[in-house]
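Chemist: Sequence lines, in order, name chains A and B.
Numbers -11 to 101, taken from our numbering, label the letters of the first sequence in order.
Numbers 2 to 113, taken from our numbering, label the letters of the second sequence in order.
Cβ coordinates follow ideal geometry from the N, Cα and C atoms, glycine included.
Here the structure is a predicted model, which is why all the values come from computation and not from measurement.
Got a structure for you, questions after.
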Amino acid sequence: QVQLVQSGAEVKKPGASVKVSCTVSGYNLSEFSMLWVRQTPGKGLEWMGTFDPEDGETIYAQKFQGRVTMTEDTSTDTAYMELSSLRSEDTAVYYCATGTSYWGQGTLVTVSS
Amino acid sequence: DIVMTQTPLSLSVTPGQPASISCKSSQSLLHSDGKTYLYWYLQKPGQSPHLLIYEVSSRFSGVPDRFSGSGSGTDFTLKISRVEAEDVGIYYCMQGIHLPWTFGQGTKVEIK
């Protein structure tokens, strides 16, 4: 069955970067688009961007433009989301999701000095 | 950004009774391809969201038929015909047509 397994929790200092991985099984990464969504108590669920393997294009939410990079390694069926210049407001649970269907278990990223 | 407004924000339901959640979008979610990109998710306590309904009314694989979705344009509804204890959690609607994709604020369903 389809599974998305994300990397473990991270604690980062303000200004640092974080890279979250999402390894899929049960299908090939290149078959479906990959979404990244984050969840914070204050702002709820926020869509961060989508990588579309059909055209190789990534669409980022304007809010994260310039700070986020989404990539994929099809040889390992692993997707990555890197967020830079972290601030305290980036403390959240980050999810990957295949298309709109299956979600990973989430990765807690805490930004604190 | 498209605003997705859910009502009510919380719901307390007796097992076996029906429940209904409304989701209104600030713009039409009808795409030129004829599809309407409105999704419903349930996030059970301590879990990640999982898909219940896609494109307004299609149940995702394994979703019980007590869940149904309806609506068009800007007004959508999720109905649970007979609520069960396992249905507790927060329900979210999401639009997937206008960038950025946006979610409703969530409706918390609990059992009486």
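Determine whether the beta carbon atoms of Met5/B and Thr108/B lie at a separation below 7 Å.
Modeler: By 1-based counting over the second sequence, the position of residue 5/B is 4. By 1-based counting over the second sequence, the position of residue 108/B is 107. No; because the gap between Cβ atoms is not below 7 Å, this pair is not in contact.
Chemist: Quick one: residues in its chain with C-beta nearer than 6 Å to the C-beta of Thr79/A, no 5 flanking neighbours on either side, listed in chain order?
Modeler: Locating residue 79/A in the first sequence gives position 91, counting from the first residue. Hits under 6 Å: Thr98 and Val99.
Chemist: Compare the Cα-Cα distances from Glu87/B to each of Ser33/B, Lys36/B, Asp34/B and Arg67/B and report the closest residue.
Modeler: Mapped onto the second sequence, residue 87/B falls at position 86. With distances taken between Cα atoms, Glu87/B lies closest to Arg67/B.
Chemist: Taking a contact to mean a Cβ-Cβ separation below 7 Å, would you say Lys148/A touches Val8/A in this structure?
Modeler: Within the shown structure, residues of chain A are numbered from -11 to 101, placing residue 148/A beyond reach of any answer.
Chemist: For Asp76/B and Ser49/B, what's the separation of their Cα atoms in angstroms?
Modeler: Taking the second sequence and counting its residues from 1, the one referred to as residue 76/B is at position 75. Taking the second sequence and counting its residues from 1, the one referred to as residue 49/B is at position 48. One C-alpha to the other measures close to 26 Å.
Chemist: Would you say Trp35/A faces chain B, with C-beta separation under 7 Å as the test?
Modeler: By one-based count along the first sequence, residue 35/A stands at place 47. Interface residue, yes.
Chemist: Run through the DSSP bridge pairs and tell me what Glu60/A is partnered with.
Modeler: Here residue 60/A refers to the residue found at position 72 of the first sequence. Per DSSP, Ala67/A.
Chemist: Taking C-beta pairs closer than 7 Å, name the residues in chain B that Gly32/A reaches, listed in chain order.
Modeler: Indexing the first sequence from 1 puts residue 32/A at position 44. Per Cβ cutoff of 7 Å: Phe104, Gln106 and Gly107.
Chemist: From what residue to what residue does the beta strand (DSSP E) around Trp35/A run?
Modeler: Residue numbering aside, residue 35/A sits at position 47 when the first sequence is read from its first letter. Per DSSP, Trp35/A belongs to the beta strand (DSSP E) from Gly32 to Asp40.
Chemist: Does DSSP put Glu77/A in a helix, a strand or coil?
Modeler: As a first step, residue 77/A must be located in the first sequence, where it is residue number 89. Reduced to three states, the DSSP call for Glu77/A is helix.
Chemist: Select from Lys31/A, Met58/A and Ser13/A the residue whose C-alpha is nearest the C-alpha of Pro41/A.
Modeler: Along the first sequence, read from residue 1 onward, the residue named residue 41/A stands at position 53. With distances taken between Cα atoms, Pro41/A lies closest to Met58/A.
Chemist: I need the boundaries of the beta strand (DSSP E) containing Trp102/B, first residue and last residue.
Modeler: Mapped onto the second sequence, residue 102/B falls at position 101. Where Trp102/B is concerned, there is no enclosing beta strand (DSSP E), given that its DSSP letter is neither H nor E.
Chemist: Look at Thr95/A and Ser13/A and say whether their C-beta atoms are less than 7 Å apart.
Modeler: Your numbering for residue 95/A matches position 107 in the first sequence. Your numbering for residue 13/A matches position 25 in the first sequence. Taking 7 Å as the Cβ cut-off, Thr95/A and Ser13/A do not qualify as a contacting pair.
Chemist: Given a cut-off of 7 Å, decide if Ile54/B and Gly70/B are closer than it, judged by their beta-carbon atoms.
Modeler: In the second sequence, residue 70/B corresponds to position 69, counting from 1. In the second sequence, residue 54/B corresponds to position 53, counting from 1. Going by C-beta atoms, Gly70/B is nearer than 7 Å to Ile54/B.
Chemist: Using a Cβ-Cβ cut-off of less than 7 Å, give me the residues of the region 59 to 91 of chain A that come near chain B, in sequence order.
Modeler: Per Cβ criterion, the list reads Tyr83, Thr88, Ser89 and Trp91.
Chemist: Given a cut-off of 7 Å on the beta-carbon distance, is the pair Ser23/B and Glu111/B in contact?
Modeler: Here residue 23/B refers to the residue found at position 22 of the second sequence. Here residue 111/B refers to the residue found at position 110 of the second sequence. Not a contact, by the Cβ cut-off of 7 Å.
Chemist: Alpha carbons only, please: which of Asn16/A, Thr66/A and Thr38/A is nearest the one belonging to Arg26/A?
Modeler: Here residue 26/A is taken as the residue at index 38 of the first sequence, counted from 1. Minimum Cα distance to Arg26/A is reached at Thr38/A.
Chemist: How would you label Ser26/B, buried or exposed, when you count the other beta carbons within 10 angstroms and need 16 or more for buried?
Modeler: As a first step, residue 26/B is located in the second sequence; it is residue number 25 there, counting from the start. Per the 10 Å Cβ criterion, buried.
Chemist: At which residues does the beta strand (DSSP E) containing Ser14/B begin and terminate?
Modeler: As a first step, residue 14/B is located in the second sequence; it is residue number 13 there, counting from the start. Contrary to the premise, residue 14/B reads as Val rather than Ser in this sequence. That run of the beta strand (DSSP E) goes Ser11 to Val14.
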